[in-house]
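Chemist: For the sequence shown, the UniProt record's numbering begins at 1 and goes up steadily by one. Ideal Cβ positions, reconstructed from N, Cα and C, are used throughout, including at glycine. Note that the structure is predicted; figures quoted are calculated from it, not measured.
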Amino acid sequence: MKHNLSVGDKVSVLDEAIDGTVIKVDRDQITIESTHGFVMTYFVNELIKENKMSDLVNSFSFKSLSDVMKEKSEPKKRSFVKEKHSKKDEFVLEVDLHIEKLVPSTRGLSNFDMLNIQMDTVKRQLEFAIKNRMQKMVFIHGVGEGVLKSELEFLLSRYDEVVFQEASFQKYGFGATEVYVKQNPNR
């Protein structure tokens, strides 16, 4: 697939309020750093390149020379948080529910059909995780209008052995739900 994105391009994410700069191009996967400093990877068809004129306007800085010199002389403080992980927590099943990841084409599919495909995927993957004693999984549903998220939460609430919450904002943004499967020792 030929695309016109390259490192340094300013882009916006379709269907999400995220803008950023391309920092890595790997075939059809583009890694961006958002304006808030988060690094995220998208497929080319999920991004739109911003107008060159806006790049030109944004490149001008209206700071005084003393402000710029002050920024250069003060080292930026960085914080590091070391997370401890057990071997069991290392693998997290991530299921991307964006419809374009589940079917080769959405042509001829109604919104209802697409939602059913997505929810069938959720059921199948959740049953797989329970059967294989996986403790944690993440469903990536995106932000959108919230229909898929609502259906997902309704389905998950029907499972006694499942607890769920918003997934890590730093890793997934607003559009993901983290699911924990309570392990029954008698199974």
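What would DSSP say about residue 55, mapped onto helix, strand or coil?
Modeler: Its pLDDT being 48, under 50, residue 55 is placed unreliably in this model, and the value from its coordinates should be taken loosely. In the structure shown, residue 55 sits in a helix (DSSP, three-state: H, G or I).
Chemist: Just confirm the distance between the C-beta atoms of residue 6 and residue 25, as a whole number of angstroms; I'd bet it's less than 8 Å.
Modeler: Rounded, the Cβ-Cβ distance is 6 Å, consistent with contact.
Chemist: Beta-carbon within less than 6 Å of residue 182's beta-carbon, same chain only, minus the 5 sequence neighbours each way: which residues are those?
Modeler: For residue 182, where only same-chain residues beyond five positions count, the Cβ hits under 6 Å are 161.
Chemist: The alpha helix (DSSP H) that contains residue 157, what's its start and end?
Modeler: First-last of the alpha helix (DSSP H) with residue 157: 147-157.
Chemist: Under 8 Å by Cβ, that's how I've got residue 155 and residue 119 pegged, so tell me the actual separation to the nearest angstrom.
Modeler: The pair is a contact, with the Cβ atoms about 7 Å apart (cut-off 8 Å).
Chemist: Could you give the C-beta distance for residue 50 and residue 14, rounded to a whole number, given that I count them as a contact under 8 Å?
Modeler: Their Cβ separation, rounded to whole angstroms, is 12 Å, which puts residue 50 and residue 14 out of contact at 8 Å.
Chemist: Short check: CB of residue 48 to CB of residue 34, under 8 Å?
Modeler: It is not a contact, given that the beta carbons lie outside the stated cut-off.
Chemist: So what does DSSP say about residue 182, is it helix, strand or coil?
Modeler: If DSSP states are grouped into helix, strand and coil, residue 182 belongs with coil.
Chemist: Answer yes or no: do residue 42 and residue 23 have a C-beta to C-beta separation smaller than 8 Å?
Modeler: No, they are not a contact pair.
Chemist: Judging by CA-CA distance, which residue of 147, 40, 44 and 130 is the nearest neighbour of residue 169?
Modeler: Of 147, 40, 44 and 130, the residue nearest in Cα terms is 40.
Chemist: My parser needs the alpha helix (DSSP H) runs of 4 or more residues fully inside the region 118-146; what are they?
Modeler: Whole alpha helix (DSSP H) segments, 4+ residues: zero.
Chemist: Give the DSSP bridge partners of residue 255, in chain order.
Modeler: The structure shown has nothing for residue 255, since the chain only spans 1 to 187.
Chemist: Among the candidates 177, 157 and 153, whose CA atom is the shortest distance from the CA of residue 94?
Modeler: Closest by alpha carbon: 177.
Chemist: Taking the beta carbon of residue 137 as the centre, do at least 16 other beta carbons fall within 10 Å, making it buried, or is it exposed?
Modeler: The residue is buried, with at least 16 neighbouring Cβ atoms inside 10 Å.
Chemist: Give every residue of the same chain whose Cβ lies closer than 7 Å to the Cβ of residue 141, excluding the five residues on either side of it in the sequence, and list them in chain order.
Modeler: The answer, listed in chain order, is 97, 148, 149, 152, 175, 176 and 177.
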